[in-house]
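Those sequence lines, one after another, are chains A and B.
Residue numbers for the first sequence follow numbering that gives the first Met the number 0, so the first one is 0 and each next one is one higher.
Residue numbers for the second sequence follow numbering that gives the first Met the number 0, so the first one is 0 and each next one is one higher.
Yeah, the Cβ is synthetic: ideal placement off N, Cα and C, and Gly gets one too.
If you're wondering where the values come from, they're calculated on a predicted model, not measured in any experiment.
Notes to accompany the following structure.
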Amino acid sequence: MTAATRTLLDKIWDRHAIVQRDDGQTLLYIDRHFIHDGSRRAFEVLGERGLKVRRPDRTFGTPDHYVPTNGRDMATIEDPDARLMVEAIARNAAAHGVAVFGLDDPRQGIAHVVGPEQGLSQPGMTIVCGDSHTSTHGALGALAFGIGASEVSHVLATQTLWQRKPKAKRITVDGTLGAGVTAKDVILAIIARIGADGAVGHAIEYAGSAIRGLSVEGRLTVCNMSIEAGARAGMVAPDDTTIAYLEGRPYAPKGAQWEQAVRFWRSLPSDAEARFDSEVALDAATIAPMVTWGTSPQDAVAITERVPDPADFADAGRRAAAGKALEYMGLTPGTALSGIPVQRVFIGSCTNSRIEDLRIAAQIASGRKVASTVRAMVVPGSGLVKRQAEAEGLDGVFKAAGFEWREAGCSMCVGMNGDLVAAGERCASTSNRNFVGRQGKGARTHLVSPAMAAAAAVTGAFTDVRALLGR
Amino acid sequence: MEPFERLDAVAAPMPVENVDTDQIIPARFLRKPRKAGYGQYLFHDVRFDDAGRERTGFVLNQPAYRPARVLVADKNFGCGSSREHAVYALWDYGFRAVIAPSYGDIFYGNSLKNGFLPIVLPVASVVRLRDLVQQSPGAHVIVDLDLQQVIGPDGRRLEFEIDAFRKHCLLHGIDELDFTLGHRAEIEAYERTQSGATPWL
Ligand code: SF4
Chain A
0 MTAATRTLLD KIWDRHAIVQ RDDGQTLLYI DRHFIHDGSR RAFEVLGERG
50 LKVRRPDRTF GTPDHYVPTN GRDMATIEDP DARLMVEAIA RNAAAHGVAV
100 FGLDDPRQGI AHVVGPEQGL SQPGMTIVCG DSHTSTHGAL GALAFGIGAS
150 EVSHVLATQT LWQRKPKAKR ITVDGTLGAG VTAKDVILAI IARIGADGAV
200 GHAIEYAGSA IRGLSVEGRL TVCNMSIEAG ARAGMVAPDD TTIAYLEGRP
250 YAPKGAQWEQ AVRFWRSLPS DAEARFDSEV ALDAATIAPM VTWGTSPQDA
300 VAITERVPDP ADFADAGRRA AAGKALEYMG LTPGTALSGI PVQRVFIGSC
350 TNSRIEDLRI AAQIASGRKV ASTVRAMVVP GSGLVKRQAE AEGLDGVFKA
400 AGFEWREAGC SMCVGMNGDL VAAGERCAST SNRNFVGRQG KGARTHLVSP
450 AMAAAAAVTG AFTDVRALLG R
Chain B
0 MEPFERLDAV AAPMPVENVD TDQIIPARFL RKPRKAGYGQ YLFHDVRFDD
50 AGRERTGFVL NQPAYRPARV LVADKNFGCG SSREHAVYAL WDYGFRAVIA
100 PSYGDIFYGN SLKNGFLPIV LPVASVVRLR DLVQQSPGAH VIVDLDLQQV
150 IGPDGRRLEF EIDAFRKHCL LHGIDELDFT LGHRAEIEAY ERTQSGATPW
200 L
């Protein structure tokens, strides 16, 4: 391959390859490692082998999965096993000299919100975390992917991983998004198009004018759900938007190093002649606010559509899955999605809990009331997002409308901290997975954008948010 | 890690696409200590009803499939969350290999690191094999990693691919971490070069 045909992925990969083996495995250096309260097992493995963390200075932690969102007191965690998880990260980090943003630190939050917010996630880096949504950080122009517990201990001990280079898929979204259509709708439309396994074995590079037009927050939302299309990593080439976002963040380079870093970052975008293993193109203008009807993120359609009839799927596997999904979701084929009542609304998760998400949700909620049949909550992605929202008065808007305003954490995205959706309840959720039982046993999850979630909260049912805009 | 031995065992069919790791083990069990074992949580919410009774329709609750050690699944098996507990649950139940047309990438990696073999076969071969074990409950499938072959109940031999190093580690129960620690000098050299080229990292 000549130098002028390299992709962003190639450029990052080549810089981090330490050893290449004949069988296609590469020992890859890891620049940044995030740990969380689910990383306990990996530290146990280190302990069993008497190993130390090789680069505590490259490792940062924050508890997110098990933390309470109704207060900051660890003692309120009722389940002793869950409390142990949150306590373990503080103990393990202290023992190994790793910095942790704990529950008493305003910088605490969901790892995938905190990393970019602190400027810890930067272009050209390799970034890992023991969590599949690590793909989020690729929005800054990094190669970021989720790993399992064994790999976490491997990175802790060696700061490296053995990896086979993924194939490169480019997804180009050109054109202008309509009013009320956001990054979440873009990624749901992409997954609906290519399928839940559409990018297995690939790293996705998102490109095109609609992607370049997104803020870093919006790009984080898009890259976040790459894993829902099977891709371990998603990325957006660094540009002026990326650089402006990073400047002045606590862990971003400073002074002369900033200039040097920016020059390097400018060299990273894929070359004009770069070759991708596969390409997909979407027209931004055709994307509408989306909502899922089934139990896989690929089951997403425009809010203007109806619940599909499983019989209409040509593929036998898809037909069987759709039938089962509708049974679980308690939906009848042919029902208009708009107007289906919801009982719960969750605005939060590493997909949609950043300031921009809260602003648009507040815009819809402002001057309206959460329907009496709905219980709605807003869970900011970090303590700093919460502070910023409060400084802008968004908490007041939400509270006046009847939303619960919580502390930062994963919360109802996965329910590990006890924030659960009850069996049979229907939830409009800004999270990333509508899997069976994800938000609680028997819970019925519909994935939507923050604007659509707020619209569902104030109308009591799925509603095309475009009808609520421009008052 | 236990060395991977030639398997001659009952295979259970699971003809469902996109089986995610939340299905393999629901999130509420992830906080349990590893030592306690995860076999009881495998496919928990499809295997047991709300009262904790076995659901009769579920494949592993049928007597002929109970002793299964091989799972014949469908595409994108193990997608979703990176929880390695999904592999622990399969392993602790007694499974040693799964056969499918494709896997969630993270699940695939996690499997190999625990001595559990995820075999990729073409869709048509998987469907055929799955139909066979569905038609004759309790039928055995042989998995020979050394030869890279699966032998179905009909005696047909199906070849599969696996990275040579991964295979070597599985066959000999070699842990990757020990192997990597042997590359310390290269890692240190890399770090020296990197701190010169990108000093802000
Ligand atoms: S918010 Fe949800 S998806 Fe994101 S890291 Fe937390 S549990 Fe995982």
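Leaving out five residues on either side along the sequence, give the residues of the same chain with a beta carbon under 7 Å from the beta carbon of residue i.
i: A/I242; result: V261, W264
i: A/L119; result: R31, F59, Y250
i: B/P14; result: D73, R129
i: A/M0; result: Caution is warranted here: a pLDDT of 48 is assigned to A/M0, below 50, making its placement in the model unreliable, and no coordinate value can be reported.
DSSP three-state label for residue i, please.
i: B/I262; result: Lying outside 0 to 200, the shown extent of chain B, residue 262 of chain B is not represented and no answer is given.
i: A/A475; result: Residue coverage of chain A in this structure runs from 0 to 470, which leaves residue 475 of chain A outside it and unanswerable.
i: A/E403; result: strand
i: A/W161; result: strand
i: A/H64; result: coil
i: A/D308; result: coil
i: B/H182; result: coil
i: B/H171; result: helix
i: B/R127; result: helix
i: A/C222; result: helix
i: A/T25; result: strand
i: A/P449; result: helix
i: A/D239; result: helix
i: A/V464; result: helix
i: A/I17; result: strand
i: B/Q193; result: helix
i: A/E389; result: helix
i: B/H84; result: helix
i: B/Y37; result: coil
i: B/F106; result: helix
i: A/M84; result: helix
i: A/M0; result: Only weak support is given to the placement of A/M0: the predicted model assigns it a pLDDT of 48, under 50, and the question is left unresolved by the model.
Under 6 Å Cβ to Cβ from residue i, same chain only, skipping five residues before and after it: list those, please.
i: B/M0; result: G114, G172, D174
i: B/P12; result: V71, R129, V132, Q133
i: A/L8; result: A167, A202
i: B/C78; result: N17, D19, G103
i: B/P100; result: K74, V122, V125
Between residue i and the ligand SF4, is there a pair consisting of the residue's CB and a ligand heavy atom that are separated by less than 7 Å?
i: A/I346; result: no
i: A/C409; result: yes
i: B/N60; result: no
i: A/S428; result: no
i: A/V413; result: yes
i: A/C349; result: yes
i: A/D63; result: yes
i: A/H111; result: yes
i: A/D130; result: yes
i: A/N91; result: no
i: A/N527; result: Outside the displayed range of chain A (0 to 470) lies residue 527 of chain A, so it cannot be described from this structure.
i: A/N433; result: no
Using only CA atoms, which one of the options lies nearest to residue i?
i: A/G316; options: B/A10, B/A50, B/G93, B/N75; result: B/N75
i: B/I141; options: B/D44, B/I98, B/N60; result: B/I98
i: A/P332; options: A/G207, A/R305, A/C426, A/Q297; result: A/R305
i: A/D104; options: A/R386, A/K398, A/N416; result: A/R386
i: A/K164; options: A/R20, A/M289, A/L213, A/F402; result: A/R20
i: A/L26; options: B/F164, B/G195, B/L200, B/W199; result: B/F164
i: A/S337; options: A/T462, A/R40, A/P288; result: A/T462
i: A/G401; options: A/M411, A/G392, A/K368; result: A/K368
i: A/I210; options: A/F345, A/I226, A/V180; result: A/V180
i: A/I425; options: A/A370, A/V413, A/M328; result: First, the residue type needs correcting, since residue 425 of chain A is Arg and not Ile in the sequence shown. Cα-wise, what sits closest to A/R425 is A/M328.
Kindly list the residues whose CB is nearer than 8 Å to the CB of residue i, restricted to its own chain and excluding five residues on each side of it in sequence; keep chain order.
i: B/F159; result: I118, V119, L120, Q147, Q148, V149
i: A/N433; result: T291, G293, T294, S295, P296, D298, T444, H445, L446
i: B/A96; result: L6, R68, V69, L70, F115, L116, P117, I118, V142
i: A/V215; result: P115, A138, L139, T240, T241, Y244
i: A/R14; result: G123
The region 107 to 126 of chain B: positions lying closer than 8 Å to chain A by Cβ: Result list: G108, N109, K112, N113.
Members of the region 56 to 86 of chain B near chain A, C-beta cut-off 7 Å: Considering only beta carbons, the part of the region 56 to 86 of chain B lying closer than 7 Å to chain A consists of D73, K74, N75, C78, G79, S80, S81, E83, in chain order.
Taking any Cβ of chain A, which residues in the region 155 to 179 of chain B have a Cβ under 7 Å from it, in chain order? D162, A163, F164, E175, L176, T179
Can you list, in chain order, the residues of the region 415 to 437 of chain A whose Cβ is nearer than 7 Å to any Cβ on chain B? Hits within the stretch, in order: M415, R432, F434, V435, G436, R437.
Contact list for the region 23 to 40 of chain B against chain A, Cβ threshold 9 Å: P25, A26, R27, L29, R30, K31, P32, R33
Report the residues of the region 212 to 230 of chain A with a CB closer than 7 Å to any CB of chain B, ordered along the chain. G229
Just by C-beta distance, which residues in the region 445 to 465 of chain A are closer than 8 Å to chain B? none
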